[in-house]
Amino acid sequence: MKLMEIYNLLLKAYGKRNWWPAKTPFEMMIGAILTQNTAWTNVEKAISNFGDRLSPEFIDAVSKEELAEIIRPSGYYNQKANRLKAITEWFKKYSYDIKKARQVDGKVLRKELLDVKGVGKETADSILTYALDKPFFIVDTYTRRILYRIGYDIPKGYDELRLKIEENVPRDLYIYNEFHALIVEHAKNHCKKVPNCEGCPLDAKCQKRIIDK
Ligand code: SF4
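Just so it is clear: in the sequence shown, position 205 is 204 by numbering that gives the first Met the number 0, and no numbers are missing.
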């Protein structure tokens, strides 16, 4: 089954997801770091602890200890406080202006983000796609699991799989934005760890290779 066929079937089944769930691009970046190794509900608690203080200026000025306390519900809060400081420091070079950052080439931004401590490829590609309007395909556990079960050969390396997908999906911000969100939705609804194939929109063409990947 072609990737765009998967995309169209998922879109038809679940509808537009309108991601990322954040009020501002900066909040999106913060959420992308807070969501590392934790459930989204914990991120929501941490974000709500900021109240109306969630701005780069605040994160720059607040002490690491206070920041860690605010984001405690997200887990690994000391490490994540350092990471929030680091991404804010990166954003400072664009004067905290998302429009300025968006003027820069996507590959350059990706390299810069990967140089930020604690930002790995999945986090970088999420920020690029959902905050910086630069479409890069986000490869997460769900992507690997679903594509493997459908019948794809899955290379081990992150970028190998990303590039393989990107070769077959038109580099369009809207599609990349929706496709990743649809994969997450599908992994929660049907293609869970123990899959529920009944009523799955991909059922007719899936090889159902149910070995965890
Ligand atoms: S048919 Fe089953 S294994 Fe295949 S994508 Fe759907 S839920 Fe996953």
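Backbone N, C-alpha and C fix where the C-beta goes; we use that ideal spot for every residue, glycine too. Since this is a predicted model, take the numbers as computed values, not measurements.
Same chain, Cβ closer than 7 angstroms to residue i, neighbours up to 5 away in sequence not counted
| i | result |
| --- | --- |
| K212 | With a pLDDT of only 48 at K212, under 50, the local geometry of the prediction cannot be trusted, and the value read off the model is given with reservation. Closer than 7 angstroms at the Cβ level, and outside the excluded window around K212, lie R143, R144, Y147 and I153. |
Distance cut-off 7 angstroms: residue i Cβ against heavy atoms of the ligand SF4
| i | result |
| --- | --- |
| P194 | yes |
| H189 | yes |
| R148 | yes |
| D202 | yes |
| K11 | no |
| I145 | yes |
| K92 | no |
| I210 | no |
Residue i vs residue j beta-carbon contact at 8 angstroms
| i | j | result |
| --- | --- | --- |
| L172 | L10 | no |
| A45 | L33 | yes |
| K15 | E177 | yes |
| R170 | V138 | no |
| Y13 | E165 | no |
| M3 | V168 | yes |
| Y157 | K120 | yes |
| N48 | G74 | no |
Cβ shell of residue i (< 6 angstroms), same chain only, five flanking positions each side left out
| i | result |
| --- | --- |
| N195 | H189 |
| W19 | M27 and Y129 |
| L97 | A small correction: the amino acid at residue 97 is Ile; Leu does not occupy that position in the sequence shown. Contacts found: P24. |
| W89 | V115 |
Other residues of its chain near residue i: CB distance less than 8 angstroms, five sequence neighbours each side excluded
| i | result |
| --- | --- |
| Q206 | R148, I149 and G150 |
In chain order, each alpha helix (DSSP H) run of at least 4 residues that lies wholly inside the region 51-121
55-60, 63-69, 76-91, 97-101 and 105-113
Item to complete: Pair every Cβ in the region 124-144 with every Cβ in the region 97-114, then say whether three or more of these pairs are closer than 8 angstroms.
Response: yes
### Message
Closer than 8 angstroms is the cut-off here; do at least three beta carbon pairs connect the region 22-32 with the region 70-87?
### Response
Touching, yes, given that three or more Cβ pairs across the two stretches are closer than 8 angstroms.
| Per the contact definition of three or more C-beta pairs closer than 8 angstroms, is the region 56-65 in contact with the region 83-93? | yes
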